[in-house]
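What follows is one structure encoded as structure tokens, with my remarks underneath.
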Amino acid sequence: MNWKYICHQDELENEIGTAALVNGQQIALFRIDEAEHIKIFALSNWDPFGKANVLSRGIVGDLNGQPVIASPLYKQHFNLENGHCLEDENCILPTWQTKIENGDVFVAVN
Amino acid sequence: MTTNQNKPRIVVVGNGMVGHHFIEQLIQSGANQTFDVQVFGEEKYIAYDRVHLSEYFTGKNAEDLSLTTSEFYKDNNIDFHADTKVVAIDAPANSIRLDDCTQVDYDKLILATGSYPFVPPIPGHKRDNTFVYRTFDDLDAMRECAKDCKTGTVVGGGLLGLEAANALKNLGLETQVVEFAPRLMPVQLDETGGAMLKDMIEGIGVDVYTATATNEIVDGEAAFHRMNFADGSHLETDLILFSAGIRPQDELARTSGLTLGERGGIEINNVCQTSVDNIYAIGECALWNGKIFGLVAPGYTMAKVAADHVIGNNSLAFEGADMSTKLKLLGCDVGSIGDAHQATQGAKSFVYQDEISNAYRKIVVSEDGSKLLGAVLVGDNSYYDTLLQYYLNGIDLPKEPQGLILPASDGAPAALGVDALPDTASICSCHNVTKADINAAVAGGATGVADVKGITKAATGCGGCAALLKKVVDNELLALGIEVSTDICEHFAYTRQDLFNLIKVEGIKTFAELLDKHGKGKGCDICKPAVGSILASVWNDYVLGKEHVALQDTNDRYLANMQKDGTYSVVPRIPGGEITPDGLIAIGDVAKRYNLYTKITGGQRIDLFGATLPQLPKIWSELVDAGFETGQAYGKSVRTVKSCVGSTWCRYGVNDSVGMAIYIENRYKGLRGPHKIKFAVSGCTRECAEAQSKDIGVIATENGWNLYVCGNGGMKPRHADLFATDLTDEELIRYIDRVLMLYVKTADRLQRTATWMDNLEGGLDYLKDVIIEDSLDLGAELEAQMQHIVDTFQCEWTTTLKDEKALKKFRQFVNADEEDNNVVFVEERGQIRPATESEKYELIAKAV
């Protein structure tokens, strides 16, 4: 596994998306603060319905217990954990593993 | 292409819309692989969209209107010959002959030869400068001729004739229409409807002569032609266009011995076979059950049926076609459904006629009043879709069917309840989802709109059907005995109004606090922005404050409107539309510096498009320095106050509309609501600011101001209602304060003022009671709440520019300085616009 440093966790805000560029690929990062620890989700920033790099600018939430991001363009929801689109089962966004070490955020790349 | 002798051969004669549709059906079924397919077209162009032929005069070229390409035909093994005339069919030998004497053999022959324009045999009809309206070549010749003409006349006042008249008008000619029948569109309209249409068309400067027969066409004195009419009068004109109907193009069939109808047309059976089994006819050349269908939709159905039969499926049949039509002719709405002429025995009719705003509507109902047999609409086609559902599906009419054509503001019952809609009714036309599909999804366990959207894709295209979809879903849930939830979403078991009250009464200041006390989960894109809006309406805190920023939709989060390519537009506030030359120059400077696309908005402001996320703070700091503040064009909030120049400059103005507009805009700016809110102030009853189409409309009178409320533009436009007359400045502001605050407090999420008022029990009268008579004793409280908003206004951009932390959010990437490489602009009319998919592709290809 090849971990790529992105930024310090303080650069990301709770329940707000942030875009990052990793090896030329646009990734949307989402930080969600739980009681005991911080979760970071990473999926493609590309909205396949709106055809623009905007997912990091949507609203974070949960639906039926799944953490989701709603696209700011046409409001489709994507599961933050696995990239599945809730409105279209054929559509799955690429996701990346993440980790936090000493407050630094890393994304797994091949 | 190599010809495989073993494959059966299909030959198609004619490459119009219907002939092409037949080919498409073959390709779709894969039959282009198992058959040799040859197509012969007489024109030099590949199939094009004849229905939109007129657009050839308004900017489209032959390529734009083309339905396919020769590459597509080639890629699909279709052997296409343009500019080739078929002159004979040898049916016993199964072959056709081309004009160069080539013989082509077939196993199945499809005649899709269409129709030709009928030219009445008036002496002189073959003179120079006379035309028909059917092909690109016709239009090219006409356009060339029109260059030297001043006047043009269309012979024929039917559908196509009126469209042709529009084309002449677009070519800059003074235009007349001469119709033999006593009214326009004699097939589709009745006498009154035709007369109303005539008035409307004359109103836009086209002279109409009805009940007029032309005896001869001779040399004119002042113009090229003189048309001498049967009543002794005459008309001089430079150009004549014949559009007196169509006749089936059946010459080839006639000389080949196929059976024709008495008045022409190739006779076909229910699978489109002619009198010879392996020869088919489809489209306007075909005669089915004694009828020729002069519309493209029935032709497409025939093409589908014939293709199905030719390839051996035999699963479809042609069963006739509905000839109902709705069109916009010369800018006038015209609709005709079924038995428009009340020809059915015992039929009765209802008529609504409005000579002030030019509208005419008639419905023809069965003798017992239970079914809709036909309808005529002139001036407003918004009634068409509902009426067509009643007609096509044989739905029982309501007890008082006249309600279906009365203006909506008369308190008439809602047009068609969703339970009356048939299962076949199309709810989402983008994804072709019917009511039955939606009910099946609900029966399969879907418990709400979101589920149904996921299963059927309804409302995920343009989204225009979302409201109707919700009604259908709720209706079906109720029918199944499932309680329909009015909860705002799964996180809060409350309506927007409940949440508003909880927030206000308990003094709740943040989403987290509300969620903790009254909700569950983490929230979603429905409840977060709704609560964000309520918090802003009640407390008016800075929306990008730490506690609020995650609630904001992208527009509010970045204080700009997201556009389709992920860039944003910037709209500085220009209260009342009044701006100094220095202000204009400042905006122009900024636009030039950042290479932004500029456009004047419908609300009298200037839109700057194409700003990237990192550019937004830079652009706004320049605008703020130049004295501008946020226009809040991004929020569900107060937008613009449009105005005319009023008594200051106008000869007719009776009060200072600009001054009042600026006052109003400054008073209510920053107010957030369930939906966007627009205003206008007109300086006199001429209403140049179009105040009656706004949420709040103000019109000056000799004695003060008239106040109109709850109108809107958008998808379902609605005129505002007159609320109070001859108000003083103070009264006007007091009423607006109260109406707006009551709306903000009690309306549903994304509910416009118009729907809100319609849903108040008692409607306008109730609203007048509450606001003017203060029947609920709420007046003072509403005014105080509004005053709080007025007193706490801050320009969100000014605040944001001072906040280092907030500014960080505008970086494109948290870890790189690069820009989004998917944002690509091209130049059009001297400005930028987003590149289309194919342009991007080309630009990338060029770069590589």
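Protein chains in written order, with this note's numbering: chain Y, 974 to 1083; chain L, 207 to 1054.
Backbone N, C-alpha and C define an ideal beta-carbon position, used for all residues, glycine too.
Buried or exposed: L:Thr480, going by 16 or more other Cβ atoms within 10 Å of its Cβ?
On the second sequence, position 274 is the one that residue 480 of chain L refers to. The residue is buried, with at least 16 neighbouring Cβ atoms inside 10 Å.
Select from L:Leu522, L:Asp514 and L:Thr507 the residue whose C-alpha is nearest the C-alpha of L:Met529.
Counting from 1 along the second sequence, the entry for residue 529 of chain L is found at position 323. Ranking L:Leu522, L:Asp514 and L:Thr507 by Cα distance to L:Met529 puts L:Thr507 first.
In its own chain, which residues sit with a C-beta less than 7 Å from the C-beta of L:Glu183, not counting the 5 before and 5 after it?
Residue 183 of chain L is absent from the structure shown; chain L starts at 207 and stops at 1054.
Please state whether DSSP places L:Ala620 in a helix, a strand or coil.
Locating residue 620 of chain L in the second sequence gives position 414, where the first residue counts as 1. Caution applies to L:Ala620, whose pLDDT of 43 falls short of 50 and renders its modelled position unreliable; the value that the coordinates give is listed next. Here L:Ala620 sits in coil by DSSP.
Measuring only the C-alpha atoms, how far is L:Glu712 from L:Gly725?
Locating residue 712 of chain L in the second sequence gives position 506, where the first residue counts as 1. Locating residue 725 of chain L in the second sequence gives position 519, where the first residue counts as 1. In a straight line, the C-alpha of L:Glu712 is about 15 Å away from that of L:Gly725.
For Y:Gln982, which residues from the same chain have a beta carbon less than 8 Å from its beta carbon, with the 5 sequence-adjacent residues on both sides left out?
Along the first sequence, read from residue 1 onward, the residue named residue 982 of chain Y stands at position 9. Correct list, in chain order: Arg1004, Ile1011, Ile1013, Ile1073, Gly1076, Asp1077 and Val1078.
Would you mind telling me which residues of chain Y sit closer than 7 Å to L:Ala1022, beta carbon to beta carbon, in chain order?
Position 816 of the second sequence holds residue 1022 of chain L. Ordered by position in chain Y, the residues that pass the 7 Å Cβ test against L:Ala1022 are Leu994.
Any beta carbon from chain Y within less than 7 Å of L:Asp731's own beta carbon?
Translated into positions along the second sequence, residue 731 of chain L becomes position 525. Yes - at least one Cβ of chain Y is within 7 Å of the one on L:Asp731.
Indicate whether at least one CB of chain Y lies closer than 7 Å to the CB of L:Thr760.
Residue numbering aside, residue 760 of chain L sits at position 554 when the second sequence is read from its first letter. Cβ-Cβ to chain Y under 7 Å: yes for L:Thr760.
Taking three-plus beta-carbon pairs below 8 Å as touching, is the stretch 849-868 of chain L in contact with the stretch 977-989 of chain L?
no
What are the residues that DSSP puts in a beta bridge with L:Tyr486?
On the second sequence, residue 486 of chain L is found 280 positions in, with the first residue counted as 1. Looking at the DSSP assignment, L:Tyr486 forms a beta bridge with L:Ile316 and L:Gln479.
Cα-Cα separation, L:Gly409 to L:Thr804
As a first step, residue 409 of chain L is located in the second sequence; it is residue number 203 there, counting from the start. As a first step, residue 804 of chain L is located in the second sequence; it is residue number 598 there, counting from the start. Their backbone Cα atoms lie some 35 Å apart in a straight line.
Restricting to runs no shorter than 3 residues, where is the beta strand (DSSP E) found entirely within the stretch 1003-1034 of chain L?
1031-1034
Compare the beta carbon distance of L:Gln1018 and L:Leu819 with 7 Å and say whether it is the shorter of the two.
Translated into positions along the second sequence, residue 1018 of chain L becomes position 812. Translated into positions along the second sequence, residue 819 of chain L becomes position 613. In this structure, L:Leu819 lies closer than 7 Å to L:Gln1018 by Cβ.
Sequence ranges, alpha helix (DSSP H) only - wholly within the stretch 929-966 of chain L, length at least 4
For the stretch 929-966 of chain L, the continuous alpha helix (DSSP H) assignments of 4+ residues that do not extend past its boundaries occur at 935-952 and 959-965, in sequence order.
Of the listed residues L:Asp901, L:Ala699 and L:Asp281, nearest to L:Gly950 (C-alpha basis):
For this step, residue 950 of chain L is matched to residue 744 along the second sequence. Position check: residue 950 of chain L holds Val in this sequence, whereas Gly was assumed. Looking at the Cα atoms, L:Asp901 is the closest of the given residues.
Quick one: which unbroken alpha helix (DSSP H) runs of 4-plus residues sit fully inside the stretch 855-926 of chain L? Chain order, please.
Positions of the alpha helix (DSSP H) runs, each at least 4 residues long and wholly inside the stretch 855-926 of chain L, are given as 863-874 in order along the chain.
Helix or strand or just coil, what does DSSP make of L:Lys534?
Translated into positions along the second sequence, residue 534 of chain L becomes position 328. Of the three classes helix, strand and coil, the one that applies to L:Lys534 here is strand, per DSSP.
Within 7 Å of any Cβ in chain L, is that where the Cβ of Y:Arg1030 sits?
Against the first sequence, residue 1030 of chain Y aligns to sequence position 57. Interface residue, yes.
Do three or more CB pairs link the stretch 780-792 of chain L to the stretch 741-753 of chain L at distances below 8 Å?
no
In whole angstroms, what is the alpha-carbon distance linking L:Ala253 and L:Phe278?
Working through the second sequence from its first residue, we reach residue 253 of chain L at position 47. Working through the second sequence from its first residue, we reach residue 278 of chain L at position 72. The straight-line gap from Cα to Cα measures roughly 12 Å.
Does DSSP put Y:His1010 in a helix, in a strand, or in coil?
Position 37 of the first sequence, counted from the first residue, corresponds to residue 1010 of chain Y. In this structure, Y:His1010 counts as coil in the three-state DSSP scheme.
What is the rounded straight-line gap between the Cα of L:Val830 and the Cα of L:Val776?
The residue given as residue 830 of chain L occupies position 624 in the second sequence. The residue given as residue 776 of chain L occupies position 570 in the second sequence. Going by the C-alpha atoms only, they are around 12 Å apart.
Closer than 7 Å, CB to CB, is L:Lys659 near chain Y or not?
Position 453 of the second sequence, counting from 1, holds the residue named residue 659 of chain L. Answer yes: the Cβ-Cβ gap between L:Lys659 and chain Y drops below 7 Å somewhere.
Here's a check: name, in chain order, each residue in its chain whose Cβ is nearer than 8 Å to the Cβ of L:Leu1007, leaving out the five neighbours to either side.
Taking the first residue of the second sequence as 1, we reach residue 1007 of chain L at position 801. Pro823, Trp826, Ser827, Val830 and Leu1013.
Anything in the stretch 858-892 of chain L with a Cβ closer than 8 Å to a Cβ of chain Y? List those residues in chain order, please.
none
By the 8 Å beta-carbon criterion, what residues does the stretch 767-779 of chain L contribute toward chain Y?
Met768, Lys770, Asp771 and Gly772
From L:Gly222, L:Pro392 and L:His547, pick the residue whose C-alpha is nearest to that of L:Thr341; which is it?
Position 135 of the second sequence, counting from 1, holds the residue named residue 341 of chain L. The alpha carbon of L:Thr341 has as its nearest neighbour, out of L:Gly222, L:Pro392 and L:His547, the alpha carbon of L:Gly222.
Where does L:Glu327 fall in DSSP's three states?
Mapped onto the second sequence, residue 327 of chain L falls at position 121. Just to set this straight, residue 327 of chain L is Pro in the shown sequence, not Glu. Residue state, collapsed to three classes: coil.
Going along chain L in order, which residues have a C-beta closer than 8 Å to the C-beta of Y:Cys980?
Counting from 1 along the first sequence, the entry for residue 980 of chain Y is found at position 7. Residues of chain L passing the Cβ test: Val1020 and Asn1021.
Assigned secondary structure, L:Arg567 (DSSP; H/G/I helix, E/B strand, else coil):
In the second sequence, residue 567 of chain L corresponds to position 361, counting from 1. Three-state result, L:Arg567: strand.
Give the residues of chain L in contact with Y:Gly1034, contact being defined as C-beta atoms less than 7 Å apart.
The residue you call residue 1034 of chain Y lines up with position 61 of the first sequence. Neighbours of Y:Gly1034 on chain L, chain order: Lys728, Gly729, Cys730, Asp731 and Lys734.
Which of helix, strand or coil does DSSP assign to Y:Cys1064?
Looking up residue 1064 of chain Y in the first sequence gives position 91. Here DSSP, grouped into helix, strand and coil, assigns Y:Cys1064 to coil.
Could you pull out every unbroken beta strand (DSSP E) segment of at least 3 residues lying fully inside the stretch 758-820 of chain L, listed in chain order?
774-776, 803-806 and 812-817
Inspect the beta-carbon positions of L:Ala895 and L:Lys848 and report whether they are closer than 7 Å.
Counting from 1 along the second sequence, the entry for residue 895 of chain L is found at position 689. Counting from 1 along the second sequence, the entry for residue 848 of chain L is found at position 642. Taking 7 Å as the Cβ cut-off, L:Ala895 and L:Lys848 qualify as a contacting pair.
Tell me whether L:Gly541 is buried or exposed, calling it buried when 16 or more other Cβ atoms sit within 10 Å of its Cβ.
What you label residue 541 of chain L is simply residue 335 of the second sequence in a count that begins at 1. Classification for L:Gly541: buried.
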